[in-house]
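Residue numbers (our numbering), protein chains in the order written: chain A, 51 to 219; chain U, 2 to 287. Glycine is no exception: its CB is placed at the ideal position from the N, C-alpha and C atoms. Just so we're clear, the structure is a prediction, and the values are computed from it rather than from any experiment.
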């Protein structure tokens with residue numbers, strides 16, 4: 051087993067070049083959490099279902115528990131730690147989750163926000179149905195999704211420079 | 002969950018990958034999007050000693066048209082299939098099917114090649130490929146060969162692929178203008194395999210079904226080409242009696258297992274319902 055050589059990986063994470071020595075079987079989520087100590091992304095189900103480990107990799111939302119670190123060689127990754135501005139100003143999505151109460155326990159939140167980040171880049175003005183379809187690979191066991199959808203709508207409005215209108219109850 | 006140890010290879014060309022997979026033999030597996038293989042490795046149900054990652058081979062990516070044929074590289078992802086304007090215009094059933102595969106994150110990684118070549122009866126694309134009469138181009142030690150999708154699947158996870166061979170591309174023959182199509186999938190939740198699903202492509206002439214191809218997903222050891230059901234529909238105006246006979250013919254070839262998705266009897270019955278819905282929708286679109 052241990053005769054398999056470790057491999058050198060280099061990637062860009064939140065704008066910084068990082069490198070490490072990993073076994074080929076090291077999952078990307080373990081590299082991010084345990085080598086880089088970026089523990090915002092969570093391991094939920096560890097089977098590719100829940101989305102808590104979602105990262106933005108080369109313009110795609112990816113479940114990093116289902117990818118080896120060696121596969122991410124040369125890629126550019128954004129984690130939840132990379133979303134706020136350097137001065138600490140929250141990203142519109144982070145602000146939206148706060149203002150709209152888009153989280154309770156918070157475990158799914160980094161994955162939800164990273165997924166919503168890519169969704170809003172691809173579709174800056176999504177309908178509620180498109181938001182729900184867009185986050186269908188992320189499970190939340192607290193909120194019932196209502197406030198997560200509102201949080202994403204809030205962020206979309208803010209990013210578009212329009213007023214957030216809450217849907218009538 | 003940590004997979005077993007393996008050596009990782011990242012060839013840059015089809016030839017290099019073919020040479021590697023041939024020399025490493027049965028201890029090696031090609032790695033496409035990884036969203037079937039990596040979960041299996043984490044469960045230690047797959048323990049390859051070598052992974053040959055096909056992601057660094059540009060020739061395996063993309064969609065193009067060659068004469069009437071549409072050729073799709075094996076490493077083209079579901080998300081790329083959804084975004085392709087060429088496919089939306091020429092083979093719209095691929096977009097419809099891709100949208101019910103797994104979830105958004107997985108569609109960014111999951112590939113057409115992985116979906117068709119893995120041999121998992123739960124995968125959605127094999128039935129669609131059968132209705133389209135797609136051909137698979139495979140490369141191995143002896144060079145390239147072409148296998149019709151309808152002859153590719155031999156059993157659960159058993160396909161016509163020999164050790165060392167891998168899928169390069171899928172060729173879809175030109176579809177007639179104005180064909181009708183549908184992929185109907187019953188699933189319990191996003192990301193689930195089908196309880197049962199049906200793919201259909203048909204053409205109409207003067208209100209009568211002129212050609213029809215039908216196949217079923219996840220109600221047997223492989224996707225099932227439902228030839229008799231399609232024959233029943235050809236020549237009909239989709240009256241209730243022929244639709245019921247076609248659904249019954251599809252149910253007759255279904256042999257699903259009883260599992261969390263339902264009993265074998267229930268899943269068989271759902272296969273018939275999916276056929277009826279898919280045919281009705283395809284008929285309206287034609």
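Give me the chain A residues within the contact set of residue i, using Cβ-Cβ distance strictly less than 8 angstroms, ordered along the chain.
i, result
"residue 40 of chain U", "97, 98, 116"
So with CB distances below 8 angstroms, who are the chain U contacts of residue i?
i, result
"residue 54 of chain A", "6, 7, 8"
"residue 165 of chain A", "105, 106"
"residue 90 of chain A", "Correct list: empty, because the minimum Cβ distance to chain U is about 17 angstroms."
With C-beta atoms as the reference, is residue i less than 7 angstroms away from residue j?
i, j, result
"residue 22 of chain U", "residue 64 of chain U", "no"
"residue 88 of chain A", "residue 129 of chain A", "yes"
"residue 59 of chain A", "residue 123 of chain A", "yes"
"residue 290 of chain U", "residue 187 of chain A", "No answer is possible for residue 290 of chain U: it lies beyond the span of chain U, which begins at 2 and ends at 287."
"residue 40 of chain U", "residue 94 of chain A", "no"
"residue 108 of chain A", "residue 126 of chain A", "yes"
"residue 207 of chain A", "residue 158 of chain A", "no"
"residue 98 of chain U", "residue 125 of chain U", "yes"
"residue 246 of chain U", "residue 235 of chain U", "no"
"residue 55 of chain U", "residue 76 of chain U", "yes"
"residue 258 of chain U", "residue 231 of chain U", "no"
"residue 43 of chain U", "residue 2 of chain U", "yes"
"residue 181 of chain U", "residue 283 of chain U", "yes"
"residue 104 of chain A", "residue 161 of chain A", "yes"
"residue 163 of chain A", "residue 189 of chain A", "no"
"residue 244 of chain U", "residue 211 of chain U", "no"
"residue 150 of chain U", "residue 72 of chain U", "no"
"residue 85 of chain A", "residue 70 of chain A", "yes"
"residue 120 of chain A", "residue 74 of chain A", "yes"
"residue 138 of chain U", "residue 54 of chain A", "no"
Going along chain A, which residues have a C-beta under 7 angstroms from residue i?
i, result
"residue 3 of chain U", "75"
"residue 56 of chain U", "121"
Between residue i and residue j, which are expected to be in contact by the criterion C-beta below 8 angstroms, what is the C-beta distance as a whole number of angstroms?
i, j, result
"residue 275 of chain U", "residue 216 of chain U", "Contact flag wrong, Cβ pair sits at about 11 angstroms."
"residue 134 of chain U", "residue 177 of chain U", "Going by Cβ atoms, the distance from residue 134 of chain U to residue 177 of chain U rounds to 12 angstroms, so no, they are not a contact pair."
"residue 129 of chain U", "residue 102 of chain U", "So it is not a contact: roughly 10 angstroms between Cβ atoms."
"residue 58 of chain U", "residue 140 of chain U", "About 11 angstroms; that fails the 8 angstroms criterion."
"residue 191 of chain A", "residue 111 of chain A", "Between residue 111 of chain A and residue 191 of chain A the Cβ distance is about 20 angstroms, and since that is not below 8 angstroms, they are no contact."
"residue 280 of chain U", "residue 239 of chain U", "7 angstroms"
"residue 273 of chain U", "residue 249 of chain U", "7 angstroms"
"residue 158 of chain U", "residue 121 of chain U", "6 angstroms"
"residue 90 of chain U", "residue 205 of chain U", "The pair is not a contact, with the Cβ atoms about 19 angstroms apart (cut-off 8 angstroms)."
"residue 96 of chain U", "residue 88 of chain U", "6 angstroms"
"residue 49 of chain U", "residue 28 of chain U", "7 angstroms"
"residue 61 of chain A", "residue 72 of chain A", "Not a contact, Cβ separation roughly 11 angstroms."
"residue 167 of chain A", "residue 106 of chain A", "6 angstroms"
Under 6 angstroms from any heavy atom of the ligand FMN, does the C-beta of residue i make it?
i, result
"residue 117 of chain A", "The ligand content of the structure shown is nil, which means the ligand FMN is not present either."
Residue i versus chain A: which residues are under 9 angstroms apart at the beta carbon?
i, result
"residue 35 of chain U", "116, 117, 118, 121"
For residue i, go through chain U and note every residue whose CB falls closer than 7 angstroms to its CB, in chain order.
i, result
"residue 101 of chain A", "106"
"residue 104 of chain A", "106"
Who are the neighbours of residue i on chain U, taking C-beta pairs under 9 angstroms?
i, result
"residue 110 of chain A", "78, 80, 106, 109, 110"
"residue 208 of chain A", "Going along chain U, no residue has its Cβ under 9 angstroms from residue 208 of chain A, so there is no contact; the nearest lies around 22 angstroms."
Beta-carbon of residue i versus every beta-carbon of chain B: anything under 7 angstroms?
i, result
"residue 177 of chain A", "Of the protein chains in this structure, namely A and U, none is chain B."
Could you please tell me which residues of the segment 58-85 of chain A, in chain order, have their CB closer than 7 angstroms to any CB of chain U?
73, 74, 75
Is it the case that the segment 169-180 of chain A contacts the segment 196-210 of chain A, given that we only count it when at least three CB pairs across the two stretches are under 8 angstroms?
yes
If we count Cβ pairs, one from each stretch, closer than 8 angstroms, do we get three or more for the segment 201-208 of chain U versus the segment 152-167 of chain U?
no
So does the segment 21-38 of chain U actually touch the segment 66-82 of chain A, counting three or more Cβ pairs closer than 8 angstroms?
no
Any contact between the segment 106-115 of chain A and the segment 135-151 of chain A? By contact I mean 3 or more CB pairs, one from each, below 8 angstroms.
no
In chain order, what residues of the segment 167-201 of chain A put their CB closer than 7 angstroms to some CB of chain U?
184, 186, 187
Contact list for the segment 180-207 of chain U against chain A, Cβ threshold 7 angstroms:
191, 192
Contact between the segment 180-199 of chain U and the segment 250-264 of chain U is defined here as three or more beta-carbon pairs at a separation below 8 angstroms; is this criterion met?
yes
Contact set between the segment 131-143 of chain A and chain U, restricted to residues whose Cβ is under 8 angstroms from the partner
none
In chain order, what residues of the segment 107-130 of chain U put their CB closer than 7 angstroms to some CB of chain A?
107, 109, 110
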